[in-house]
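Here's the structure we're looking at; comments come further down.
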Amino acid sequence: MECGELLKKLSDIRAVAGRENMAAEIIAGLFRQYCDDVSVDSFYNVIGFKKGQAENPQNVLITAHYDEIGLIVTGIEDSGFLRFTAIGGVDAKAIGAMEVTVHGKKDLFGVIGVKPPHLIAPEDKDKGIKMEDMRIDIGYDGEKARELVSIGDVVTFNSPTQELLNNRIAGKSLDNRSGVAALVEILKELQKLKHDDNVYVVATVQEELGLIGAVCTTYNIKADLGIVIDVCHGDMPDAPSDEAFPLDKGVTVAIGPIISRKHAKECIKIAREENIPYQIDPEAGDTGTEAAVHAVAREGIPVILLSIPCKYMHTAVEMVSVNDIVSTGKLAARYIAGRSKE
Amino acid sequence: MFDIINKLTQTFGPSGNEKKVADLIRDMLKDKVDEVKTDVLGNLICIKKGSGKKIMLAAHMDEIGIIVSFIDKNGFLRFSNVGGLNPFVILGKRVIFENGSVGVVWYEENIDDIKNIKLEKMYIDIAASSKEDAERLVNVGDMAVFEAGTILQNGRIISKSMDNRIGCAVLVQTALNQPETENEIYYVFTAQEEVGLRGAGPAAYGLMPDMALAVDVTATGDTPECKPMAVKLGAGPAIKIKDRSVIAHPEVKDLLIKCAIENNIPHQFEILSQGGTDAGSIHTTAGGIPSGGVAIPTRNVHNSAEIVDMKDVENAVKLIEAFINQ
């Protein structure tokens, strides 16, 4: 499958953090075509294994999370309206008037109703609305709603992935299905290359709740090198220029205290040699990504972080360039294949 | 069962000082389980051997409290919190130290507006007349907890430290009932939950269970003008869906719901917007341990008068017994 098509398919998958059981098999199916072995662990981390050619191969662990942010039903009112709260970092300002799917006994269409401008008091016109004051309307009254929906059911945003001009794609879960698409790109590239190292590609769970899938994975797989693939902020109007990166200028390679300087340098060298577009992403803190987990797992794993610029992160209209995903796949695969041995 | 709850809530045990609670539970259970041990962090682990799945049941023993940070020349104590403590909640309350010394919490009266009160503007008066006098009773580093009785009234219990001695009581009662099961059951009474879920993770690492349940309190949405929450007193134990530390593993959550339905046990669902529980540190231990929780609906959590309903407590025991027999 061509990368853009794959990304569209991936972004339409519904897998709210903590309920990835809804989607693990689909991801496993994608890995199977390119891996020697694919398994799903008890937390629904999806693990693809590609054997290395060295006699005593080292293990390279590449993680990209596949959970998405969403909502969870916290109450059902007698009128049938559903109260809800966020799973992961959902901005209340960005969800008014959204269409959603409530994953009840069956999937139900719903809308997040908002008050029409005519009915908003003049003094409230410029104010935001809190999530606790919003409701999901599924059309039913309380009795029927309670038959089909339970407190604790999860809710996803309806935002079918769209292809835009210029090889760009917009959708609800490009954070971080873009990373998962990059994992598949890496596997495809590695088919064409000789690699000494064993390669584990893992689509991880519950990143949005605190990097939980990566915590499990870095314990279960004893890695000699970690590579984390996630999204970074794409350049957009009003974004601080030092924290946002333009689309189509290539994958970002992080440099910072928790990143292995040696391995990041090697990776950048490969990008230069192979003419793969890249940008430098200075990360002064722990990066907020799974790299923070790799770095301190077991005895400590040297880790690098590759990020795909993504505009409008944590909204249902996230946007990436397919070109950046292809360059991420190419760079990671070439780096693994060309990795110098200690 | 009230007797068990009364003893547990009235035993001194702020975070890091759980030994008295552990000793009490050890005495209650030592003849009913196959092995009892304490680990480095002070977790008490009671093992009922079995040939099936290994199931960890965790309830934290520690309670919130205060720690003395300074004693002034007139014998007044300055203090800091141990666990989540609201200054308004402790204002005017009595606190009791491990040796039985009692103090009263009050505040500097030069404060402009009581709204701005912080713990650092408060002090404890232990009826001492000088620093030397105070130090005969209390030293810097000593901890104290709320001093308040445990009362059964109208089928409900009002007490300090319901969080989480009620969880301990549920597990003690479950172990005493010796429910039928092939599974190996770890009754784990954990340390230092209130200061960051610190005990449960290492306990789980040592035991490597196949799955785990945290038994703890949860808030309710049934008091005047409170925040909406679909949990109320007396409507059954709450099966954990989500809190700030964990999303319950789908298999564990679904198994609990199945057990409740099959055994006609009233139950509710817990989505807690503030706070976490031991499952938060257990589920990320050692490659991941599927974890969930059973919560006792509790009013006024982290107060000196927390309220639970006995029916919820008894139904929690039934639900856990059904769960471990799966």
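Note that the protein sequences, when read in sequence, are chains W and F. Position in the first sequence (from 1) plus 1051 gives the number in the numbering used here. Position in the second sequence (from 1) plus 17 gives the number in the numbering used here. The C-beta atom is built at its ideal place from N, Cα and C for all residues, glycine as well.
Taking its Cβ as the centre, do 16 or more other Cβ atoms sit within 10 Å of residue i, making it buried, or is it exposed?
i: W/Val-1377; result: buried
i: F/Leu-169; result: exposed
i: F/Phe-105; result: exposed
i: W/Gln-1104; result: exposed
i: F/Pro-307; result: buried
i: F/Cys-243; result: exposed
i: W/Glu-1393; result: The predicted model places W/Glu-1393 with a pLDDT of 42, which falls under 50 and marks its position as unreliable; any figure quoted below should be read in that light. The residue is exposed, with fewer than 16 neighbouring Cβ atoms inside 10 Å.
i: F/Val-325; result: buried
i: F/Val-57; result: exposed
i: W/Gly-1190; result: exposed
i: W/Phe-1094; result: buried
i: W/Gln-1257; result: buried
Given a cut-off of 7 Å, decide if residue j and residue i are closer than it, judged by their beta-carbon atoms.
i: F/Pro-226; j: F/Leu-336; result: no
i: F/Glu-287; j: F/Ser-178; result: no
i: W/Ser-1062; j: W/Thr-1303; result: no
i: W/Glu-1240; j: W/Ala-1335; result: no
i: W/Ile-1120; j: W/Val-1151; result: no
i: F/Val-248; j: F/Gln-209; result: no
i: F/Leu-94; j: F/Ser-118; result: no
i: W/Glu-1356; j: W/Thr-1340; result: It should be pointed out that residue 1356 of chain W corresponds to Leu in this sequence rather than to Glu. In this structure, W/Thr-1340 lies closer than 7 Å to W/Leu-1356 by Cβ.
i: W/Thr-1255; j: W/Asn-1072; result: no
i: F/Ala-192; j: F/Tyr-204; result: yes
i: W/Val-1354; j: W/Ser-1229; result: no
i: F/Val-234; j: F/Thr-315; result: yes
i: F/Ser-176; j: F/Gly-100; result: no
i: W/Tyr-1363; j: W/Ile-1321; result: no
i: F/Val-187; j: F/Ala-333; result: yes
Quick check on DSSP: helix, strand or coil for residue i?
i: F/Asp-150; result: helix
i: F/Lys-54; result: strand
i: F/Ala-220; result: helix
i: F/Asp-329; result: helix
i: W/Met-1364; result: coil
i: W/Asn-1110; result: strand
i: W/His-1284; result: strand
i: W/Asp-1226; result: helix
i: W/Ser-1130; result: coil
i: F/Met-45; result: helix
i: W/Asp-1063; result: helix
i: F/Gln-209; result: coil
i: W/Glu-1289; result: The sequence shown places Asp at residue 1289 of chain W, rather than the Glu named in the question. Three-state result, W/Asp-1289: coil.
i: F/Met-139; result: strand
i: F/His-77; result: strand
i: W/Cys-1054; result: helix
i: W/Phe-1296; result: strand
i: W/Ser-1090; result: strand
i: W/Ser-1372; result: strand
i: F/Phe-93; result: strand
i: F/Pro-31; result: strand
i: W/Glu-1393; result: In this predicted model, W/Glu-1393 has a pLDDT of only 42, less than 50, meaning its place in the structure is not dependable; the value taken from the coordinates is given anyway. Residue state, collapsed to three classes: coil.
i: F/Gln-343; result: coil
Check for me: the beta strand (DSSP E) holding residue i runs from which residue to which?
i: W/Gly-1099; result: 1097 to 1101
i: W/Phe-1135; result: 1133 to 1138
i: W/Gly-1121; result: 1121 to 1127
i: F/Asp-233; result: 228 to 235
i: F/Ser-176; result: 173 to 176
i: F/Ala-312; result: 308 to 314
i: F/Ile-168; result: 168 to 170
i: F/Ile-62; result: 61 to 65
Opposite residue i in the DSSP bridges: which residues?
i: W/Thr-1152; result: W/Phe-1160, W/Thr-1207
i: W/Gln-1242; result: According to DSSP, W/Gln-1242 bridges with nothing at all.
i: W/Ser-1358; result: W/Asp-1281, W/Thr-1303
i: W/Val-1253; result: W/Ile-1098, W/Thr-1114
i: W/Gln-1330; result: W/Thr-1303
i: F/Ile-113; result: F/Val-119, F/Val-162
i: F/Asn-98; result: F/Ile-83
i: W/Asp-1188; result: W/Val-1162
i: F/Lys-257; result: F/Glu-287
i: F/Phe-105; result: DSSP lists no partner for F/Phe-105.
Whose Cβ in chain B lies nearer than 9 Å to the Cβ of residue i?
i: F/Ala-296; result: Note that chain B does not occur in the displayed structure, where the protein chains are W and F.
What are the start and end residues of the alpha helix (DSSP H) that includes residue i?
i: W/Asp-1337; result: That residue, W/Asp-1337, is in no alpha helix (DSSP H); it is neither H nor E in DSSP.
i: F/Cys-276; result: 267 to 279
i: W/Ala-1322; result: 1312 to 1324
i: F/Gly-293; result: Note, F/Gly-293: premise wrong, no alpha helix (DSSP H); not H, not E.
i: W/Leu-1081; result: 1075 to 1083
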